Each structure stands twice: as structure tokens, then as C-alpha cells.
Amino acid sequence: MKNFAIAALLSAALLNVTGCNDATAEQPKAETAIRHGLMGSDFPISRAVEIPASTTIVYLSGSVPGVLNPDAPKNSIEAYGDTEAQTVSVLKRIEANLESLNLTMKDVVKMQAFLVGDPKLEGRMDFAGFMRGYTQFFGTEEQPNLPSRSALQIAGLANPGFLVEIEVTAVRPE
């Protein structure tokens, strides 16, 4: 009888240590991502996003725009559209890529946007156009989650008609 009592105590201790008891199983799961907004600003990005160690992180390669005007000269800005149109095209491609992985734009925690200077803006990036496209997907009522984000002007992309390439990192919900 004494051995049975000791075995029962050891079993209970083992269940508590390994997290296999019913009380642990019923506890709510931790947030997949903890987003920290900008202090004193309503600019639609997070200043930081925390990811728990147990979370699966998914890195998506850079996406570029699709042809919007097949009648325009090949590899021209006219074929792909202005910065806003290219941003929307790229984010739609990212959205489809995420959906194929059973993820959504809500799962995006980090974004890097590479913007080429627009010849119509004397070679400066069209940040306002980028933001008009970006805010159709992030910080909306339907999709309020904001990633941490960088937007950089670069000298060029692989195709002379590309003004935008975006890569994202997402987390798989637990």
C-alpha cells in the first residue's frame, strides 16, 4: 500500500512537470504575436512585434508585381503600373501565397518594402503611393494587425518596370 501511495505521488508530480495534467491543458494559449504600436503616433506600423519561442515563423521571399497592362511595352513601368498599383499587385500576390500556406495577412509580423525611384518624381520613391496601396491591406477595420516594417529606396530591381518588391515574415497561429 505504501508503494502504491508513492507511485501515485510520483505520477502526479510527473504530470505537473511535463504539463500533461488537465489543469494545464485547459489554460489559454499565449498570443501568437504581441504587437506594440508606435508611441504618440497613428502611423500604420508596429514599432515592435514579439514572437514566442514556440511559434512557427514563415519567411516569404520577395514578391514583385504582375503585368497590369499587357498592351504596354514589355518590362516598362506602364506595363506594371505606378507605385500604388504595383504595391496592390504585390500585396495581392503575397495574400495568395499566404493563403496557399493556410495563413492570412493578419499573420504578417514583419515587412520589408523595396521601392525604386519613380522617374515621374525625379527619381524619388513614391512613398505616398506605396502607403495608399499598403493601407488597403493593413490597419483596416477588417484587418487591423500591423507588422513592423521598413521601406527602403533602392537603385533598381531585376526588371526595369518594377518599382516595388516586398518580402514578409508571418507567424503560424497556434
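Per our numbering, residue 34 is the first one in the sequence shown, and the count goes up by one each step.
Built from N, CA and C at the ideal position, the CB exists for glycine as well.
None of the values given here were measured: they were computed from a predicted structure.
Under the criterion of beta carbons closer than 8 Å, L131 and A203 qualify as touching, at roughly 6 Å. Straight through space, the alpha carbons of G99 and F163 are spaced by roughly 16 Å. Looking only at A188, M144 and Q186, the smallest Cα-Cα distance to F171 is reached by M144. Under the three-pair Cβ rule at 8 Å, the stretch 111-129 counts as touching the stretch 188-201. Listed in chain order, the non-local C-beta contacts of R157 below 8 Å within the same chain comprise G150, D151 and Q186, local neighbours out to five positions each way being set aside.
For I90, the pairing in a beta bridge is given by DSSP as V204. Per DSSP, the unbroken beta strand (DSSP E) holding Q145 starts and ends at V141 to V149. Here R80 is near S181, since their CB atoms are less than 8 Å apart.
If the five residues before and after S94 are omitted, its C-beta is found closer than 8 Å to the C-beta atoms of E200, all from its own chain and listed in chain order.
R165 is the residue among V121, Q119, R165 and P106 whose C-alpha sits nearest the C-alpha of F76. Going by C-alpha positions, P206 is about 43 Å away from P106.
For G70, the beta-bridge partners assigned by DSSP are S79.
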